[in-house]
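K.L.:
Residue numbers (our numbering), protein chains in the order written: chain H, 1 to 375; chain U, 376 to 683; chain F, 684 to 1029. For each residue, glycine too, the CB sits at the ideal point set by N, CA and C. Please read these numbers as outputs of a predicted model, since none were measured by experiment. Have a look at this one before I ask anything.
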Amino acid sequence: MIDDRQFNRRGFLKSGASLVGLAAAGSLLPLSAARAAPLTVGFIYVGAKDDFGYNQAHAEGAAALKAIEGVTLVEEENVPETVDVQKTMESMINFDGASLIFPTSFGYFDPHILAMAPKYPDVRFQHAGGMWSADKHPMNVGSYFGYIGMGQYLNGIAAGHATKTKKIGFVAAKPIPQVLLNINSFLLGARSVDPTITCQVIFTGEWSMAVKEAEAVNALADQGADVVTCHVDGPKVVMETGAGRGMFLCGYHASQASLAPDKYLTGAEWNWAQVYTEMVNTMLAGETIPNFVRGGLAQGFIKMSPLGPAVSAEARAQFEATQAEIMKGGFAAIKGPLKDNKGNVIATEGQSFAEDDVALESMDYLVEGVVGSIS
Amino acid sequence: MNGLDIGWWGVPIAIIGGAIRVSTPFIFVSLGECLTERSGRINLGLEGTLVFGAMAGYAVAFHTGSPWAGVAAAALAGMLFGLLHGWLCSLPKVNDIAVGIALMLFGTGIAFFFGKPYIQPVAPDLPAIPLGWWTDIPQLEAALRVNVLFVIGAILAFAMAWMFKATRVGLIVRVVGDSTDAARAMGLDPNWVRLWSTAAGGALAGIGGAYLSLYYPGSWNEGISSGQGLMAVALVIFARWNPINCLWAALLFGGAGALGPALQSVGVSEGYYLFFAAPYVLTLGLLVATSSPTQAISGAPGELSITK
Amino acid sequence: MRRSEAVALPLLALLAGLAAFGVFLLLLGKSPIEFYGYVYQAGFGSAFSWENTLSRAAPLLLAALCVAIPARLGLVVIGGEGAIVLGGVAAGVTGASFPGLGIGGIALMAVAGALTGALWIGAVGWMRVRRGVNETISSLLMAYIAIALMNHFVESVFRDPASLNKPSTAPLEEAYRLADMPGMAVHWGLGIGLVACIVSYIVMERTTWGFAARIVGGNVRAAQIQGLPTGRLVLGFTALAGGFAGLAGMVEVSAVHGSANGSLAAGYGYTGILIAFLARHNALAIIPVAVLLAGFEASSGLVQRRLDLPDATMLVLQGLVFVAILVSETLVGRFRLFKPETWVRA
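Take a look at the structure:
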């Protein structure tokens, strides 16, 4: 697809307008109502908004909006991906006058947002993680997400230096593309330090299931993994259990450094505050948010937790050099020659998938060196 | 950690470790339920008691800095829930199963309601006893890092079995559980006995909850219980109302729960949902195999509504 | 029990539960008047509020029947959730496998969902009859197993490879989606649920089967002595109950989700327990009770946003109302108000 989907403070409107194809046409369509302040913004979370993880990251982003004059924030947490979320959106529109809604869980998109958007054409629905496509989806829906796989790649570098057993662990909820990209990136980051490192993955099957997550960490530790990261909604249990087993920790979604400061190496965090502030300011200015937005470290969509005391000088050097590389844009963690863990070729010599390659959003493999299977 | 590669040996070690780690809440809740049911009453609401105990224990441990104060608070809260359940059930025509479900809702609801501010803070954990000091294998050592509450729970199982067999209190509970009329004839007040059996059962369930939030997994959140309180009711029937069997059943259930992640860690990852269902299938299979359509289950208290 | 008492006593208990919750709010420094004002506004105060409430009530009607019907035979089945999720998967897979049948496709999905649910809860009845396994425990265990099976099915066996980040079965074609009922934004699941409640009422209260079932529920031994086929009655009525729960799964898939996925495990089966008990297992009474509870849930969001109360508020309220209604059972027959013949003597 196109390269200028990224979005940052200065280039936001410009890049929005420069979106090729129908997306661009969408951003040029006049809005049906002038959106002068005040603006009511609704946020919907699938779990508790202080979960040390996915929902907290969004809620922190939402909290930043309170500083903007004329913006009213309404929030609802623990909203399941059923008719519940449809009615929550409608309720925010009907009772609170919300005209910009952020339903933040992936499962809210199809069918729920897609059912509400045609019914409320004057309301803007912004969805995290969805694959908005101009020929299939309404123009008042937008999807945005960040290349957090890059953060897991950097996590992997810190992990690769910290591991003594050459075995690192990953606690994952479900084998879906976003999660697989994180697992693969984590291992490839570690392998950029030492190509003999392997990564053990355990799927818990649920986005939030404390006892299973703790058992998974113990099973990883029993198999000799000495660094652990995860992709579940709330990483608190994984971090605390891992620290209890003497493992080093790489965070995810938000910073978990406070849970075990000595063991925490770094973490891949969302930086939604900047993204949301930008989007709301666009609305307030009477402009339209582009329908398909992606960004990475360079665009400030994600950030890394400050390196912990257990990170060696050597590790710090490689971490910072790679981070600088990624900040230039177009970095590829998935690059040839590369096979998956069943021996199929993923990328040949010279072939690479840059961070913004949409092919990565339908990933269905684990790379060589990851122990685990996705079915 | 020296990274000793133990491969498939990890599976039995994980099952032992998992049995010890995961079973403790089951031990406490099933012992509590066992006591309540032996007095002739069922408490399906222990799930709510457990969740409230987890929250109350965590909150008190956080504020006082003492995990044991948390355990005490959880036990007290559990006792209050037990008293409430016992009192409601002592009213004529009130169905104990339904009251249990209502209190399960109420207990979880009120735990989530007041638990919001405690999702973030970190409370002190309960201490563990390193029973694995003799081994060089770090995995085994970790598996044998046993929480004090597990030890207390195991001792309690034997103590409760002795109580039922050899003490006056145990006899009274059993008589009340087997026949309300016989108990009345002996001059006992069945409602009073059931009230306090339910209260004690609730206190134990509360402690089970405190173990969840204060030791393993060791934090308070709304997904802390994956139905341990409800499952305990099944475990008691499975254990034939024998406290020592409750201990074994809880260990078996905990070990079966560790099977899924352990198998994945050695590379068996197809169909992990099915492995996660293993404990339930196992319990159901054993229930079907050991029940009989013609007679009440052996060991069942005569006054228990669900076996009549 | 007298008819007037049967209506008045639960209503009084409901008011008592609401009042108790009001006291709870006062203790927290919140205004109960404001609270119930928002409950009314968001649950029943406008056309949108009614649509919200009725949409939520639709699956609850069927889920509650799964508890109420076996209860008339003296069985406490609490695992309807299992039949809902598996019924949903069966309907989703059937719908995606047999395209192009128009309205017949919807009927086929309904049959698949209902049949799966009937087999699932019927198995609970079978274990009860043949092996003497307690139905409360077995249905609970079966619900955990069903949810694991559902996850396994939608994430591997029947997963549509195109469903990337939310594993689902293949999407249903537009003709297989249950539409809205005329004149309101509420899908036909509500109509199906209402019909199911009315049919169940007729079966339980007006047919010999229902009469026989109630005798079994009153006293199994008496029923056996009278030569009633208790085993077959238990099997038949548990299957019927499971069929309704399976149908609820089908409705969710066809009307809401458009494919079967993990969101099917939404807890309707558990809310159904509450509704059935509040309705005293009377199929017709399920209708107002389900609407009332759906109204509470519909207002949960507004209460959360306006009064800064956590989402668990509604759980506390439901628990208190449930307790109040159960306690009211003990007062049955104690009020002379409901026994006009005693007025004279007074």
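Mapping DSSP to helix, strand and coil, what is Gly21 of chain H?
P.N.:
A caution first: Gly21 of chain H carries a pLDDT of 35, below 50, which makes its placement in the model too unreliable to give a value.
K.L.:
Hey, could you find the ends of the alpha helix (DSSP H) Tyr591 of chain U is sitting in?
P.N.:
Per DSSP, Tyr591 of chain U belongs to no alpha helix (DSSP H) and is neither H nor E.
K.L.:
Does Trp682 of chain F come out as helix, strand or coil in the three-state DSSP assignment?
P.N.:
Since the first residue shown for chain F is 684 and the last is 1029, residue 682 of chain F is missing from the structure and cannot be characterised.
K.L.:
Whose CA, out of H:Thr288, H:Asn271, H:Ala162, lies closest to the CA of Thr229 of chain H?
P.N.:
When only C-alpha atoms are compared, the closest one is H:Ala162.
K.L.:
Under 7 Å, CB to CB, which of the residues in the stretch 575–607 of chain U have a partner in chain H?
P.N.:
Tyr591, Pro592, Gly593, Ser594, Asn596, Glu597, Gly598, Ile599, Ser601
K.L.:
Could you tell me whether the Cβ of Ser405 of chain U comes closer than 8 Å to any Cβ of chain H?
P.N.:
Answer no: the Cβ-Cβ gap between Ser405 of chain U and chain H never drops below 8 Å.
K.L.:
Using a 10 Å radius around the Cβ and a threshold of 16 neighbouring Cβ atoms, would you call Val227 of chain H buried or exposed?
P.N.:
buried
K.L.:
With 8 Å as the threshold, decide whether the Cβ of Gln1001 of chain F is near any Cβ in chain H.
P.N.:
No - not a single Cβ of chain H is within 8 Å of the one on Gln1001 of chain F.
K.L.:
Could you tell me which whole alpha helix (DSSP H) segments of length 4 or greater appear in the stretch 713–781 of chain F?
P.N.:
715–727, 730–755, 763–780
K.L.:
With a Cβ-Cβ cutoff of 8 Å, do Ala962 of chain F and Ala801 of chain F count as a contact?
P.N.:
no
K.L.:
Please state if the CB of Asn848 of chain F and the CB of Pro176 of chain H are separated by a distance shorter than 8 Å.
P.N.:
The amino acid at residue 176 of chain H is misidentified as Pro; the sequence shows Ile. Yes, the pair counts as a contact, with Cβ atoms nearer than the cut-off.
K.L.:
For Thr241 of chain H, would you say it is in contact with chain U, using Cβ-to-Cβ distances shorter than 8 Å as the test?
P.N.:
yes
K.L.:
What's the C-alpha gap between Ile1008 of chain F and Pro693 of chain F?
P.N.:
6 Å
K.L.:
Would a C-beta distance cut-off of 8 Å place Thr104 of chain H and Ala128 of chain H closer than the cut-off?
P.N.:
yes
K.L.:
How would you write the range of the alpha helix (DSSP H) that Gly698 of chain U sits in, first residue to last?
P.N.:
In the structure displayed, chain U extends from 376 to 683; residue 698 of chain U sits before or after that span and is not available.
K.L.:
Could you give the distance in angstroms between the alpha-carbon of Ser441 of chain U and the alpha-carbon of Asn418 of chain U?
P.N.:
30 Å
K.L.:
Does the beta-carbon distance from Leu396 of chain H to Met239 of chain H come in below 8 Å?
P.N.:
Since the first and last residues shown for chain H are 1 and 375, residue 396 of chain H lies out of range.
K.L.:
Mapping DSSP to helix, strand and coil, what is His137 of chain H?
P.N.:
coil
K.L.:
Check Asn617 of chain U in the structure and name its three-state DSSP category.
P.N.:
coil
K.L.:
On a CA-only basis, which of H:Tyr144, H:Ala190, H:Tyr120, H:Leu366 is nearest Thr165 of chain H? Give me that one, please.
P.N.:
It is H:Ala190.
K.L.:
By DSSP's criteria, Ser143 of chain H is part of a beta bridge. Which residues make up the other side?
P.N.:
H:His127, H:Phe292
K.L.:
With a CB to CB cut of under 7 Å and the five nearest residues on each side skipped, what residues in its chain are close to Ile390 of chain U?
P.N.:
Gly630, Ala633, Leu634, Ala637
K.L.:
Please name the residue or residues paired with Asn944 of chain F in a DSSP beta bridge.
P.N.:
F:Ser851
K.L.:
What residues in the stretch 817–828 of chain F bring their beta carbon closer than 8 Å to a beta carbon of chain U?
P.N.:
Asn817, Thr819, Ile820, Ser821, Leu823, Leu824, Met825, Tyr827, Ile828
K.L.:
Please list the segments of the beta strand (DSSP E) lying wholly inside the stretch 249–327 of chain H, counting only runs of 3 or more residues, in order along the chain.
P.N.:
264–270, 292–295, 302–304
K.L.:
Kindly confirm or deny that the stretch 685–705 of chain F and the stretch 948–957 of chain F touch, where touching means at least three C-beta pairs closer than 8 Å.
P.N.:
no
K.L.:
Excluding the 5 residues preceding and the 5 following Lys157 of chain H in the sequence, name in chain order all residues of the same chain whose CB lies nearer than 8 Å to its CB.
P.N.:
In the sequence as presented, Lys is not what sits at residue 157 of chain H; that position holds Ile. In chain order, Gly189, Ala190, Ser192, Val193, Ala315, Gln318, Phe319, Thr322 place their CB closer than 8 Å to the CB of Ile157 of chain H, counting only its own chain and leaving out the 5 sequence neighbours on each side.
K.L.:
Excluding the 5 residues preceding and the 5 following Phe1005 of chain F in the sequence, name in chain order all residues of the same chain whose CB lies nearer than 8 Å to its CB.
P.N.:
Gly700, Leu957, Phe960, Leu961
K.L.:
What span of residues does the alpha helix (DSSP H) with Phe533 of chain U cover, start to end?
P.N.:
523–541
K.L.:
In the DSSP assignment, what residue or residues form a beta bridge with Val228 of chain H?
P.N.:
H:Gly169, H:Leu249
K.L.:
What would DSSP say about Ala691 of chain F, mapped onto helix, strand or coil?
P.N.:
Note: Ala691 of chain F maps to helix in three-state DSSP.
K.L.:
Name, please, each residue of chain U whose Cβ falls closer than 7 Å to the Cβ of Arg842 of chain F.
P.N.:
The contacting residues do not exist; Arg842 of chain F stays about 12 Å from chain U at best.
K.L.:
Is it right to say Thr196 of chain H is buried, meaning 16 or more other beta carbons lie within 10 angstroms of its own, or is it exposed?
P.N.:
exposed
K.L.:
Curious, which full-length beta strand (DSSP E) runs of at least 3 residues does the stretch 32–119 of chain H contain?
P.N.:
39–44, 71–76, 100–103
K.L.:
Run down chain F in chain order and give the residues with a C-beta less than 7 Å from the C-beta of Glu215 of chain H.
P.N.:
In chain order: nothing, as chain F lies at least about 16 Å away.
K.L.:
Around the C-beta of Trp567 of chain U, are 16 or more other C-beta atoms found within 10 angstroms, so that it is buried, or is it exposed?
P.N.:
Counting other Cβ atoms within 10 Å of its Cβ, Trp567 of chain U stays below 16 and is therefore classed as exposed.
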